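The numbering of the sequence shown is the working numbering, which starts it at 11 and goes up by one.
Reviewing the structure listed below.
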Amino acid sequence: EKELFDRATLPLKKHKYDIARLDLQTLLNTYPDSEYQMRAKLAIGDTWYKEGGTAAMQQAEEEYKDFITFFPDKPEAAEAQMKVADIYYKQMEKPDRDPTNAIRSQEEYRAMILQYPDSSLIPQAKQRLREVQEVLAQREFEIGEFYAARENWAGAIARLQTVADSYPLFSHADQTLITLGDAYATEAQIAT
């Protein structure tokens with residue numbers, strides 16, 4: 011079993027992911043009760059993760075989620091959850107682009123922090139979550155400013171209030187509050 015596991019990890023180091031996956035799957039199929047089962051299952055996810063590309067990242071996520079299902083109480087489950095979040099983090103786009111991956115990344119980092127509070131990966135997860143939230147806050151802020159520039163005060167207030175409420179650590183929180191206050195003041199003047 012150990013020999014098969016060691017043999018499977020060699021192609022992984024040489025970036026021959028398909029060969030590594032084949033050897034790891036052989037180990038899992040041949041020795042279902044092996045002490046290497048957990049490490050092999052995680053390593054299969056790693057092969058997809060390191061291979062990269064959209065399809066490979068989807069496979070990696072499935073493998074990591076399976077790992078978490080089979081081994082929820084193992085310390086490696088936190089690592090698997092962190093990698094799921096990292097998949098979306100790596101695919102996250104700039105604030106003026108599609109926020110889907112940033113939103114998913116935020117959800118996965120939050121899940122990691124809540125489910126594995128004692129993990130040594132928590133500081134890194136919190137930092138990444140902070141970076142993701144900065145992108146999401148910047149997106150909302152820019153939309154709020156867009157509405158304010160076009161004197162759509164209700165739209166500006168809605169977006170800027172979201173930034174103020176949801177992202178208190180946003181790097182432009184001061185400008186958010188100033189623009190939000192101006193929008194409220196202008197809307198109040200219009201109403202009178």
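Backbone N, C-alpha and C fix where the C-beta goes; we use that ideal spot for every residue, glycine too.
Since the structure is predicted, the reported quantities are computational estimates derived from the model, not experimental observations.
Pairwise C-alpha distance: residue j and residue i
i, j, result
"Q101", "R17", "31 Å"
"E240", "A90", "Lying outside 11 to 202, the shown extent of the chain, residue 240 is not represented and no answer is given."
"A88", "T57", "18 Å"
"S129", "L38", "27 Å"
"Y27", "G62", "10 Å"
"I97", "L22", "19 Å"
"Q69", "P178", "35 Å"
"T186", "Y99", "25 Å"
"S44", "E71", "23 Å"
"D184", "Y46", "53 Å"
DSSP three-state assignment for residue i, whether helix, strand or coil
i, result
"F180", "coil"
"E72", "helix"
"Y27", "helix"
Check whether residue i and residue j have beta carbons under 9 Å apart
i, j, result
"Q143", "H182", "no"
"Y126", "R138", "no"
"A135", "M67", "no"
"A158", "A166", "yes"
"L131", "P105", "no"
"L32", "A53", "no"
"M48", "E86", "yes"
"L170", "A193", "yes"
Exposure label - residue i; buried when at least 16 CB within 10 Å
i, result
"S115", "buried"
"F80", "exposed"
"P109", "buried"
"K51", "buried"
"L190", "buried"
List in chain order: all unbroken beta strand (DSSP E) runs of 3+ residues lying wholly within the stretch 101–175. none
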